[in-house]
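Here is the structure we will look at, set down as C-alpha cells.
Residue numbers (the working numbering): 259 to 574.
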C-alpha cells in the first residue's frame, strides 16, 4: 500500500519523465513515433527569402495508382506560389481516380502524361527529360511539400552558389494527413552515406549541373533505392551537400506505399547491393550500427535541442 502511494505520487511527473527520456532514442528510421495528431508546422528557422533571385525549379511527381493522395501532393506544390516553377506529373497508366485529378489541375501544371512504364525509376527519368530547370527534385505522389519549401531552397541555392545538393528535416504523416513523427537531421555527413541513407527524399533538391555530371538519370535497375544510389553518385562526383535546418517535406506512412511493401525484400537486396559496391562487402547489422552511431548521436542532440524549445504537451 505504501509502495502504491509512493508510485502514485510520481504519476503527475510521468509526462516530464517521458519528455526527458524520449530524446535518448534515435528517431531516424522510425516511421511511427507517436499517436496521430493534427499537423502543426514546427519552425526551426524563419523563411526570409532574402534573395530576389528565383531560379527555375523543375519538380517531377512520378505517380501510379495514388489517386486518393495525389491531389494533396499537387496542392502542396501549387500552394508554394513559387514564381518560376516547372511542375510535371509522370503517371504510369493509373486506372484509378488519378487521371481525373490531373485533368482538374491541368491548367496549373507544366504538363502531365499517363503512359505505361517499368516502374518509378523510369517515370522519374522520363519526367526529368521534359524539364529544363536549374534546380531539380521529385516528389512522390503520396508525399507533401511544406509551406515555404521552394522559396527556402531557391534562396539557399542563390546565397550558396558552391552548394550542389540540399535537403531538410522531415515530418511524418499518416494516410489521413495526421502527424505521427519528425526527423530532425544533423549536419550532413558524407561518410555515413556509405552505410545508410537517412536523407529524406521528399526534401531533397539538387542543381542540374551535378545531375548532368553524373549521367542525367537515376539507375532504372533500382526499384527502391534509386535515391540512395543517386546520392552516392553525386557524392563521388564531388558534390557539395548542405542540410537546411527547416522542415521542408512530409513523408506519408500508409499500408500501400512502396516503401512499406518492399522494405523487407527488394529494398534490403538493393541496399545490400549498394553497400557491397561501396564497401566491397555486405556488412552485418552490428557493423552498420557502429558506423552510423556517431551520426545518430548528433541527431539525438539536435532532436533534444529542438524538443526543449517546444511546449511540453507537444514535445513527444
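Just so you know, even glycine gets a beta-carbon here, dropped at the ideal spot from N, CA and C. As the structure is a computational prediction, the values presented were derived from the model and not from experiment.
Using DSSP with H/G/I as helix, E/B as strand and the rest coil, what is residue 379?
-> Looking at residue 379 - three-state DSSP - the assignment turns out to be helix.
Quick one, which of 398, 497 and 566 has its alpha-carbon nearest residue 460's?
-> Among 398, 497 and 566, the Cα nearest to that of residue 460 is on 398.
In this structure, does DSSP put residue 307 in helix, strand or coil?
-> Because the pLDDT of residue 307 is 49, which lies under 50, any placement of that residue in the model is unreliable, and the number read from its coordinates should be weighed accordingly. If DSSP states are grouped into helix, strand and coil, residue 307 belongs with coil.
Give the straight-line distance between the Cα atoms of residue 342 and residue 314, rounded to the nearest whole angstrom.
-> Between residue 342 and residue 314, the C-alpha separation is close to 5 Å.
So what does residue 317 bridge to, in DSSP terms?
-> According to DSSP, residue 317 bridges with 345 and 395.
First through last residue of the alpha helix (DSSP H) which encompasses residue 418 = First-last for residue 418: undefined, no H or E at that position.
Name the residue from 480, 453 and 506 whose alpha carbon lies nearest to the alpha carbon of residue 533.
-> Of 480, 453 and 506, the residue nearest in Cα terms is 453.
Of all the options 431, 445 and 442, which has the alpha carbon lying nearest to the alpha carbon of residue 513?
-> Comparing Cα-Cα distances from residue 513 to each of 431, 445 and 442, the minimum goes to 431.
Using CA coordinates, which residue listed in 345, 367, 324 and 552 is at the minimum distance from residue 352?
-> Comparing Cα positions, the closest option is 324.
How long is the line joining the alpha carbons of residue 413 and residue 465, rounded to whole angstroms?
-> Taking the straight line from one Cα to the other gives about 13 Å.
Which one of 421, 527, 350 and 386 has the shortest CA to CA distance from residue 376?
-> Nearest of 421, 527, 350 and 386 to residue 376, Cα basis: 350.
Reduced DSSP category for residue 457 - H, G, I as helix; E, B as strand; rest coil = Coil, per DSSP.
Could you tell me which residues DSSP pairs with residue 508 in its beta bridges?
-> Residue pairing of residue 508 in beta bridges, as defined by DSSP: 402 and 429.
DSSP on residue 558, reduced to helix/strand/coil?
-> If DSSP states are grouped into helix, strand and coil, residue 558 belongs with the helices.
Report, in whole angstroms, the separation of the C-beta atoms of residue 481 and residue 378, which I expect to be a contact under 8 Å.
-> Residue 481 to residue 378, Cβ: 7 Å. Contact.
What do you reckon, are the CB atoms on residue 510 and residue 322 nearer than 8 Å?
-> A distance of 8 Å or more separates the beta carbons of residue 510 and residue 322.
Taking residue 402 and residue 299 to be in contact with their CB atoms under 8 Å, please state how far apart those CB atoms are, rounded to whole angstroms.
-> Their Cβ separation, rounded to whole angstroms, is 11 Å, which puts residue 402 and residue 299 out of contact at 8 Å.
If residue 438 sits next to residue 292, beta carbons under 8 Å apart, how far is it from one beta carbon to the other, in whole angstroms?
-> Going by Cβ atoms, the distance from residue 438 to residue 292 rounds to 6 Å, so yes, they are a contact pair.
One or two residues paired with residue 463 in a DSSP bridge = Paired residue(s): 424.
Compute the distance between the beta-carbons of residue 507 and residue 428, then report whether it is under 8 Å.
-> For residue 507 and residue 428, yes; Cβs fall inside 8 Å.
From residue 289 to residue 394, what distance separates their C-alpha atoms?
-> In a straight line, the C-alpha of residue 289 is about 26 Å away from that of residue 394.
Hey, how far is the Cα of residue 344 from the Cα of residue 547?
-> Their backbone Cα atoms lie some 40 Å apart in a straight line.
What separation, rounded to the nearest whole angstrom, lies between the Cα atoms of residue 500 and residue 421?
-> Going from the Cα of residue 500 to the Cα of residue 421 covers about 7 Å.
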